[in-house]
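Per the numbering used here: the sequence shown = residues 2 to 138.
Cβ coordinates follow ideal geometry from the N, Cα and C atoms, glycine included.
Because the structure is a prediction, the values reported are computed rather than measured.
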Amino acid sequence: MTRSSEQANAGGRMNALVVEDSPPMRKMIVFALSRIRELSVTEADDGVDALRRIASTKFDIIITDINMPILDGLKLVKRLRADDAYKDVPIIIITTEGAEEDRQRALALGANAYITKPIQAPTVIKLVREILGMSGG
Ligand SMILES: [Mg+2]
2 MTRSSEQANA
12 GGRMNALVVE
22 DSPPMRKMIV
32 FALSRIRELS
42 VTEADDGVDA
52 LRRIASTKFD
62 IIITDINMPI
72 LDGLKLVKRL
82 RADDAYKDVP
92 IIIITTEGAE
102 EDRQRALALG
112 ANAYITKPIQ
122 APTVIKLVRE
132 ILGMSGG
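Given below as structure tokens:
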């Protein structure tokens with residue numbers, strides 16, 4: 002599932018991890034983020050796959066779905082915030098419209114921001130750039 006991990010850190014780029022169990026949704030987010038040249042994007046299928054990936058790569062930002070099998074986004078946020086290497090790494094959660102309770106729980110667990118499905122590419126790009134302190138749009 003790693004599309005460009007071999008490019009990680011090439012040219013001092015930042016690493017993003019996209020955690021989403023729906024392949025079309027994941028591809029859409031990865032495609033949007035591929036427009037940020039300074040970013041190298043890695044994909045994970047679910048929370049367990051995400052934990053495997055963070056064990057071998059240091060990510061600068063994590064974008065995660067909430068509803069996933071095995072290890073969902075809320076549990077992932079909790080695990081990341083308990084990890085010294087990830088306690089301060091920005092996390093953006095992806096929620097469905099109306100899932101106010103999930104959003105509140107994720108933010109209370111330490112997520113930094115959220116985006117709501119249906120996802121608009123420019124919204125994701127703008128938010129990621131802002132959070133990573135990248136100039137321009
Ligand atoms: Mg899902």
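- Taking one beta carbon from each stretch, the segment 20 to 27 and the segment 61 to 79 have 3 or more pairs nearer than 8 Å; the two touch.
- Following the DSSP letters along the chain, one finds Ser41 inside the beta strand (DSSP E) bounded by residues Leu40 to Ala45.
- In this structure Arg80 is in contact with Leu52, their Cβ atoms being roughly 7 Å apart against a cut-off of 8 Å.
- Straight across, the Cα-Cα distance linking Pro123 with Thr96 is about 17 Å.
- Around the beta carbon of Ile71, fewer than 16 other beta carbons sit within 10 angstroms, so the residue counts as exposed.
- The Cβ atoms of Ile93 and Tyr115 lie closer than 8 Å to each other.
- Going by C-alpha positions, Pro24 is about 17 Å away from Val125.
- Burial state of Ala56 is exposed, judged by a 10 Å Cβ sphere holding fewer than 16 other Cβ atoms.
- By the C-beta density criterion, Gly48 is buried, having at least 16 other C-beta atoms within 10 angstroms.
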